[in-house]
Amino acid sequence: MDAVGLVGAAPANIADYQVVRVLGEGNNGRFYLARPPARLGLPDEYVAVKVFTGTHSEQAYERGVRELRAFAQVASPYLVKVYDAVLQDSFLYAMEYCPLGSLAAPARPLSRGEVLRAVAHAAHAAHALHEAGLTHGDVKPANVLLTEEGGKLSDLGLARYLAPGVTLTGMASAASVEFLDPALLRGDRPSRATEVFALGATLNRALTGTGLYGELPDGEPLLAIRRVMSAEPAIAPGLTDEEAALVSECLAPVGQRPVTALQVAERLDRMAAEALGAARA
């Protein structure tokens, strides 16, 4: 979730959730920190609630709930827990709250090893989804939430289910375009390969603070898409040789990339362990 561009005060309540404050913006919606209703029986004091922009039909709600239910049933410690979904004026869902923020907006400075470990965990989560027949659809630093143990992948890209018939280019935000395989912008469907690209782009941005295409125009997705489609991605300086090689392989043409997100995760696990070990030495 992106903690930028926040406009307007938070409502006191959303459905039967007591809102504390706005957390940030995500694709096609806004996140709130809230206290969960007693009906859920949660031990958590707080949850994160995402409210999607616009109104949605009962059919779209049912489609979104099916996708969330499938997401929630995937057994991975590296996926956020999804607790609830509600259709009230708009579609919203509640998930676990991670107070350390995300790779895009961490609550404290992160060591290199911590960044590598968080992206490794996101790759493990993506692989678990793929093995269950799902794709995430929006892998990027803002959707890698931080925990003391590493990271969790959040904010499943539900827009394609809630707005059937709308093209990916119509749903993508400028904040997401950098991490999209250009093949998706040409009309391909999300796949293992497109999400391996997104993991490489995420690693590049999270470690260097620089995007593959420089800084894309914020709030202007069509201009961002045009730049991505007309330029070659450039790996930022500042990566180690091993990190740069992995990013390069993730961005390679389909067929030359790591076959699975697990292969990416295992290489990142090793790099993270070395970096964290060196920091402790």
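Taking my numbering, the leading residue of the sequence shown gets 1092, the next gets one more, and so forth. For each residue, glycine too, the CB sits at the ideal point set by N, CA and C.
Integer-rounded CB distance, given that residue j should sit under 8 angstroms from residue i
i     : j     : result
S1245 : V1171 : 4 angstroms
A1213 : T1301 : Contact doesn't hold; Cβ gap of about 19 angstroms is too wide.
A1325 : L1303 : 6 angstroms
L1237 : P1197 : 6 angstroms
A1233 : E1286 : With a Cβ gap of about 16 angstroms, A1233 and E1286 do not count as contacting.
A1106 : V1156 : About 14 angstroms separates the two Cβ atoms, so there is no contact after all.
E1334 : L1298 : 6 angstroms
Residue i - DSSP class collapsed to helix/strand/coil
i     : result
F1162 : helix
T1299 : helix
I1316 : helix
P1344 : coil
Y1152 : helix
R1199 : coil
S1181 : strand
A1233 : helix
A1372 : coil
V1138 : strand
G1310 : coil
D1279 : coil
T1351 : coil
F1270 : coil
G1242 : strand
L1124 : strand
Residue i vs residue j beta-carbon contact at 8 angstroms
i     : j     : result
L1290 : A1352 : yes
Y1108 : K1141 : no
P1127 : V1111 : no
L1359 : A1219 : no
A1370 : G1204 : yes
R1283 : H1221 : yes
A1103 : V1113 : no
L1247 : Y1188 : no
V1235 : S1193 : yes
V1355 : L1337 : yes
S1148 : H1215 : no
K1243 : Y1174 : no
L1225 : A1163 : no
R1208 : A1363 : yes
Under 8 angstroms, with one C-beta from each stretch per pair, do the segment 1321-1337 and the segment 1303-1313 reach the 3-pair mark?
yes
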